[in-house]
Each structure stands twice: as C-alpha cells, then as structure tokens.
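Please read the structure below before turning to the comments.
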Amino acid sequence: MSNTFAQLVVDINRTAQQFASSIVIKTDQRSIDAKSILGLTYSVLSSKTFELEIHGEDEEEAKKEMVKVFHHYNVSVKVNE
Numbered sequence: 001m002s003n004t005f006a007q008l009v010v011d012i013n014r015t016a017q018q019f020a021s022s023i024v025i026k027t028d029q030r031s032i033d034a035k036s037i038l039g040l041t042y043s044v045l046s047s048k049t050f051e052l053e054i055h056g057e058d059e060e061e062a063k064k065e066m067v068k069v070f071h072h073y074n075v076s077v078k079v080n081e
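Quick note on numbering: the sequence shown equals residues 1 to 81 in full-length UniProt numbering.
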C-alpha cells in the first residue's frame, strides 16, 4: 500500500467524520460507509470508479468537502444530485 493511497483513505475518513450526513461511497462492486476506515481500505484499493451518495442535514457542505478530497488525489468521483 503506497503512502498516497493510505493518505487518501485517511483523508476520506477524516473528512466524512466531520459531518452528520450519511456518506456512502459506491464503487465497482459495493457500497461502503465513508466513516468506516476498514471498509474504505479494501474498497478504495480494489476499485476504479467512485460515486458519493450523501444525504442529511449538512449534505451540501459534505459534498463540497468530500469532492475536494478526491480531487486532491486526482481521483474522479461522481456525486448524487
């Protein structure tokens, strides 16, 4: 596991933890709670596509911040409307 990959997983998890909203990452094969570091590690490592499903009281801010994390690591991500 590269340092960049490990940092991406940590940053996704840390950012998700800041919000009350439900943040789910849909990958090639599964849906993972972004607040679960164990689930993230496996899913991010084995996936090529990512889609965020974010719902809750602070979802708009959560969407902005989560997209920033993915883009910081040059990882493409789609976000629910």
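Ideal Cβ positions, reconstructed from N, Cα and C, are used throughout, including at glycine.
Which of helix, strand or coil DSSP assigns to residue i
i: D33; result: strand
i: K48; result: coil
Boundaries of the beta strand (DSSP E) in which residue i is found, first to last residue
i: residue 165; result: Limits of the chain in this structure are 1 at one end and 81 at the other, which puts residue 165 out of reach.
i: E51; result: 51-55
Same chain, Cβ closer than 7 angstroms to residue i, five either side skipped, listed in chain order
i: V69; result: D11, I12, T15
Residue interval of the alpha helix (DSSP H) (run including residue i)
i: N13; result: 3-17
i: V69; result: 59-72
Beta-carbon proximity list for residue i, same chain, < 8 angstroms, skipping 5 on both sides
i: M66; result: I12, T15, A16, I23, A34, L52, I54, V77, V79
i: D58; result: F19, A20, S21
Proximal residues to residue i (C-beta, below 6 angstroms), its chain only, five neighbours per side dropped
i: M1; result: Reliability of the predicted coordinates at M1 is poor, the pLDDT of 49 falling under 50, and the value obtained from them is presented with this limitation in mind. Contacts found: none.
i: K63; result: I54, V79
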